[in-house]
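First comes the structure, then the notes that go with it.
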Amino acid sequence: MESGPEELQELKRRLGEIRDLHRAAAVLSWDQQTYMPPGGATARAEQLATLQRTAHIWFTSDEIGQLLEALRAPAAEWDYDSDEASLVRVTLRDYEKARRIPPALIAELARVSTLAYEAWVKAKATADFALFLPHLEKIVDLNIQIAEALGYPERLYDALLDQYEPEMKTAQVAALFDQLKAELVPIVKDIANQADPNGDAILQRPMDVQKQWDFGLAVLRDMGFDFDRGRQDKSVHPFTTSFSINDVRLTTRLDPNYFPTALFGTIHEGGHGLYEQGLSPTLERTGLDDGASLGIHESQSRLWENLIGRSRAFWMHYFPRLRQMFYEQMGDVEFESFYRAINMVKPSFIRVEADEVTYNLHIMLRFELENDMLERRVPLRELPDAWNAKMEEYLGIVPPNDTLGVLQDVHWSGGMLGYFPTYSLGNLYSVQFFEKAKCDIDGLSDQIAMGDFTELLKWLRQNIHQHGRKYTPAELVVKVTGKELTATDYIGYIKQKFGELYSL
3 MESGPEELQE LKRRLGEIRD LHRAAAVLSW DQQTYMPPGG ATARAEQLAT LQRTAHIWFT
63 SDEIGQLLEA LRAPAAEWDY DSDEASLVRV TLRDYEKARR IPPALIAELA RVSTLAYEAW
123 VKAKATADFA LFLPHLEKIV DLNIQIAEAL GYPERLYDAL LDQYEPEMKT AQVAALFDQL
183 KAELVPIVKD IANQADPNGD AILQRPMDVQ KQWDFGLAVL RDMGFDFDRG RQDKSVHPFT
243 TSFSINDVRL TTRLDPNYFP TALFGTIHEG GHGLYEQGLS PTLERTGLDD GASLGIHESQ
303 SRLWENLIGR SRAFWMHYFP RLRQMFYEQM GDVEFESFYR AINMVKPSFI RVEADEVTYN
363 LHIMLRFELE NDMLERRVPL RELPDAWNAK MEEYLGIVPP NDTLGVLQDV HWSGGMLGYF
423 PTYSLGNLYS VQFFEKAKCD IDGLSDQIAM GDFTELLKWL RQNIHQHGRK YTPAELVVKV
483 TGKELTATDY IGYIKQKFGE LYSL
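Residues in the sequence shown are numbered from 3 upward in steps of one, following the numbering used here.
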């Protein structure tokens with residue numbers, strides 16, 4: 003960022019220190035989910051609460067407010083796309099929201115969430131929702147308090163959704179979901195009538211986990227992930243976090259009997275990691291050094307995982323390598339059988355392992371339940387039953403236990419309500435972005451079939467990654483694709499791909 007008025011330099015100095023606190027908290031959170039011994043949980047909860055509270059107090063200080071007020075008028079005259087104008091505009095929006103939340107509430111949510119995470123791990127391991135219930139009750143109460151403090155135009159959920167997907171409203175999400183539901187539920191039923199329930203049996207073979215790990219790392223390198231500026235570790239629930247543009251951490255989960263868990267998890271998190279590594283260095287330590295929203299971030303992981311990683315072109319390059327590495331298990335498998343298996347549509351209990359057709363139905367279920375929880379329409383002790391009822395309604399299956407049902411996701415233990423819709427929004431953004439990339443890059447499919455992602459990554463860096471948080475999701479999607487977010491491209495993609503696979 004270029005130098006500007008004295009107030010701008012002072013604002014950047016203060017924001018840099020606040021960003022350092024957030025990055026330090028990220029290190030502690032990453033460690034908690036990767037290497038921390040269970041006994042460290044209570045102390046870690048206090049450490050994270052202190053960092054979150056301190057960052058919040060510093061950010062919501064009168065001094066930051068005065069600097070922003072002094073810059074409001076001059077910034078309105080600056081080039082809208084400049085780093086400087088964006089910094090003032092976005093920080094003002096963040097500041098006005100953050101001022102509404104008492105620091106004690108931020109600290110309490112950080113503390114409660116850290117303990118809730120440990121309780122969730124135990125509850126999930128033993129399929130015992132009762133262990134997690136008292137923690138979830140506190141988290142829902144705190145989220146209601148935060149929503150009330152922030153204020154909302156129509157629904158309580160609006161305030162929480164806005165934290166993850168700026169300026170998106172509950173009603174907009176509901177409208178997109180209604181459109182998706184109308185198209186997807188009949189497709190799922192049509193496929194169920196003719197699908198082979200054992201169509202992915204060829205993937206359920208024991209495979210050496212070290213070889214799985216090595217294959218995943220090779221794909222990450224080909225994608226363009228820079229291991230001089232990042233690394234991968236193992237965790238219960240795969241995630242990506244960033245300590246700086248030059249220190250991006252991925253995690254994955256290995257299943258010795260089902261290699262797609264690790265591979266597609268690795269490609270997915272790699273998409274997030276490429277976004278973090280592709281942010282403009284001029285945005286480092288400003289608060290703009292992050293994704294435009296969780297939905298936009300998810301568009302990058304879903305683009306790589308599904309539009310690339312589950313494509314015919316991708317496997318034309320990687321299938322021979324996979325078969326060679328796992329010849330004992332895969333030597334008898336033909337390409338077409340493999341391609342159908344990794345794209346098999348089959349209602350499943352676990353969201354992160356759901357296929358492209360059913361995935362959004364998992365998100366709709368969570369979106370509806372979160373609204374019910376926040377508006378007190380479902381007593382939390384009845385949540386497992388409510389979950390199972392919706393699973394049966396949307397997917398025609400009922401989880402046999404809470405580990406495969408209401409306890410499967412980490413998000414609620416982390417205090418995050420309003421987060422789930424960003425996954426489906428990410429799916430919609432991903433197809434809209436990829437359609438534009440295909441128009442802009444000649445022979446993209448041929449490049450992918452050769453394992454060459456150079457032009458695609460360059461396009462993503464130029465159009466999406468480098469901008470960080472400078473634009474709202476709505477601004478960015480119009481800037482990149484020339485039109486507002488729609489479900490139409492996604493529905494077209496699903497019908498074309500799976501219509502061909504299942505002769506619909």
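Note that the Cβ used here is the ideal one computed from N, Cα and C, for glycine as well.
Could you give the first and the last residue of the continuous beta strand (DSSP E) run that contains residue i?
| i | result |
| --- | --- |
| Ser1 | There is no way to answer for residue 1, as the model of the chain reaches only from 3 to 506. |
| Val114 | Not the beta strand (DSSP E): Val114 falls in the alpha helix (DSSP H), residues Pro105 to Thr128. |
| Arg157 | Here Arg157 belongs to no beta strand (DSSP E), and DSSP marks it neither H nor E. |
| Thr253 | Asp249 to Thr254 |
Within 10 angstroms of the Cβ of residue i, are there 16 or more other Cβ atoms? Answer buried if so, exposed if not.
| i | result |
| --- | --- |
| Ser432 | buried |
| Glu300 | buried |
| Lys348 | buried |
| Ala47 | buried |
| Tyr82 | exposed |
| Asn429 | buried |
| Glu167 | buried |
| Asn259 | exposed |
| Val400 | exposed |
| Ala75 | exposed |
| Thr456 | exposed |
| Lys124 | exposed |
| Gln212 | exposed |
| Gly297 | buried |
| Gln165 | buried |
| Ala294 | buried |
| Asp160 | buried |
For the alpha helix (DSSP H) holding residue i, just list the boundary residues, first then last.
| i | result |
| --- | --- |
| Gly297 | Leu296 to Arg304 |
| Leu50 | Ala43 to Phe61 |
| Val238 | Looking at the DSSP string, Val238 is not in any alpha helix (DSSP H), and its letter there is neither H nor E. |
| Arg342 | Phe337 to Ile344 |
| Phe316 | Arg314 to Met327 |
| Trp80 | Neither: Trp80 is in no alpha helix (DSSP H) and is coded neither H nor E. |
| Trp414 | Careful: Trp414 lies outside any alpha helix (DSSP H) and carries neither H nor E. |
| Ser447 | Leu446 to Ala451 |
| Lys348 | From DSSP, Lys348 is part of no alpha helix (DSSP H); its letter is neither H nor E. |
| Lys467 | It should be pointed out that residue 467 corresponds to His in this sequence rather than to Lys. Counting along the chain, His467 falls outside any alpha helix (DSSP H), and DSSP gives it neither H nor E. |
| Pro262 | Pro262 to Gln279 |
Considering only residues of the same chain and omitting the five flanking positions on each side of residue i, which have a CB-CB separation below 6 Å?
| i | result |
| --- | --- |
| Arg111 | Residue identity check: residue 111 is Leu in the sequence provided, not Arg. So the qualifying residues of the chain are Leu144 and Gly417. |
| Arg325 | Met332 |
| Val412 | His239 |
| Trp471 | The sequence shown places Arg at residue 471, not Trp. Once the five neighbours on either side are set aside, the close Cβ partners of Arg471 are Val92, Leu290, Asp292 and Ala294. |
Considering Cα atoms alone, identify which of the options is closest to residue i.
| i | options | result |
| --- | --- | --- |
| Leu94 | Arg463, Ala77 and Trp122 | Ala77 |
| Arg342 | Ala129, Ala149 and Asp202 | Asp202 |
| Tyr492 | Leu73, Ala476 and Leu427 | Leu427 |
| Met225 | Asp198, Asp22, Glu185 and Ile269 | Ile269 |
| Val267 | Val221, Glu384 and Thr488 | According to the sequence provided, residue 267 is Gly. The question's Val does not apply to it. Comparing Cα-Cα distances from Gly267 to each of Val221, Glu384 and Thr488, the minimum goes to Val221. |
| His469 | Ala391, Ala106, Lys438 and Thr284 | Thr284 |
| Asp198 | Ser339, Thr253 and Thr474 | Ser339 |
| Arg21 | Arg353, Arg287, Leu419 and Tyr37 | Arg287 |
| Leu376 | Phe316, Leu162, Ala476 and Ser295 | Leu162 |
| Phe351 | Gln410, Ile298 and Glu330 | Gln410 |
| Leu252 | Ser303, Glu9, Glu384 and Gln174 | Ser303 |
| Ala129 | Asp404, Ile466 and Asp442 | Asp404 |
| Asp85 | Phe131, Lys14 and Arg101 | Lys14 |
| Thr360 | Leu69, Ala184, His24 and Gln174 | Ala184 |
Suppose contacts are defined by Cβ-Cβ distances below 9 Å. Is residue i in contact with residue j by that definition?
| i | j | result |
| --- | --- | --- |
| Glu395 | Thr263 | no |
| Leu478 | Leu290 | no |
| Tyr312 | Asn362 | In the sequence as displayed, the identity of residue 312 is Arg instead of Tyr. No; because the gap between Cβ atoms is not below 9 Å, this pair is not in contact. |
| Phe179 | Glu358 | no |
| His239 | Arg255 | yes |
| Gln449 | Lys485 | no |
| Val29 | Phe227 | no |
| Leu117 | Trp414 | no |
| Leu503 | Asp192 | no |
| Ala43 | Gln34 | yes |
| Arg371 | Val380 | Reading off the sequence shown, one finds Leu at residue 371, where the question assumed Arg. Yes, the pair counts as a contact, with Cβ atoms nearer than the cut-off. |
| Met327 | Ala451 | no |
| Arg16 | Ile66 | yes |
| Pro136 | Leu73 | no |
| Ile146 | Leu158 | yes |
| Ala57 | His24 | yes |
Short of 8 Å in beta carbon distance, which residues of its chain neighbour residue i, apart from the five on each side in sequence? Order them along the chain.
| i | result |
| --- | --- |
| Arg231 | Ile247, Asn248, Asp249, Val250 and Gln279 |
| Gln49 | Leu30 |
| Ala51 | Ala109, Glu110, Ala112, Arg113 and Thr116 |
| Ile443 | Gln449, Glu457, Leu458 and Trp461 |
Comparing the CB of residue i with every heavy atom of the ligand GTP, is any distance shorter than 8 Å?
| i | result |
| --- | --- |
| Gly407 | For the structure depicted, the ligand GTP is absent and the ligand set is empty, with no information on it obtainable. |
Could you pull out every residue in the same chain whose Cβ sits closer than 7 Å to the Cβ of residue i, ignoring the five residues on either side in sequence?
| i | result |
| --- | --- |
| Arg314 | Tyr341 |
| Trp80 | Glu86 and Ala87 |
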